[in-house]
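Numbering (this note's numbering), first residue to last: 117 to 260.
We treat Cβ as the ideally placed atom computed from N, Cα and C, and that holds for glycine.
All figures in this text were calculated on a predicted structure; none of them were measured in a lab.
The block underneath contains the structure these notes are about, expressed in structure tokens.
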Amino acid sequence: METEFTPWLSLGGGMMIGASAVLLMATNGRIAGISGLTSRIFARSTDGEARGVSALFVLGLLMAAPIWMLVSGDWPQQWVPSSPALMAVAGLLVGFGATYGNGCTSGHGVCGISRGSMRSIVATLTFMAAAFVTVFVTRHLIGG
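So this is what it looks like as structure tokens:
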């Protein structure tokens, strides 16, 4: 399986992710970690403002594809080469990892590293190494 390399779209997307993380921190003092924002929406004890800001941030993420469709006239191309059962297991493992690591890729990788957090640097190195091994095993050893 080959993946199309899109440097300009990737650069633009990365800049928007960085800008949104800075904006959320500057305006609300919150880290743009998606697992934390999502859990804050469903938490029993959280203030209404934090819940609202979190819900708007996550809604913005969910609206990215429909907005792309409105701008470009076509839905973003995406291909997921897995079975629904394998995707469910992967989702559970990612959720477990985000809980166990006290954060997710966006919280540690985007926000934590930019703050110079040693814990985030170690967490990011750990999940990137796990991702490299997973891709190698699934693509080259078991032929996924």
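The distance from the Cβ of I229 to that of T242 is about 13 Å, inconsistent with a contact at the 8 Å cut-off. Proximity to I157 across T143, L172, A247, G145 peaks at L172, based on C-alpha coordinates. The Cβ atoms of G223 and G152 sit closer than 8 Å to each other. The beta carbon of R231 sits closer than 6 Å to none of the beta carbons in its chain outside the five residues before and after it. When secondary structure is reduced to three states using DSSP, M179 falls in the coil class, being assigned neither helix nor strand. Between the alpha carbons of T254 and G217 lies a gap of roughly 24 Å.
Straight-line spacing of the CA atoms in L140 and L208 works out to 27 Å. Across the set M185, C220, S198, G176, the C-alpha of C220 shows the shortest separation from the C-alpha of S236. The DSSP assignment places 150-158, 164-178 as complete runs of the alpha helix (DSSP H) inside the region 128-185, in order along the chain (cut-off: 4 residues).
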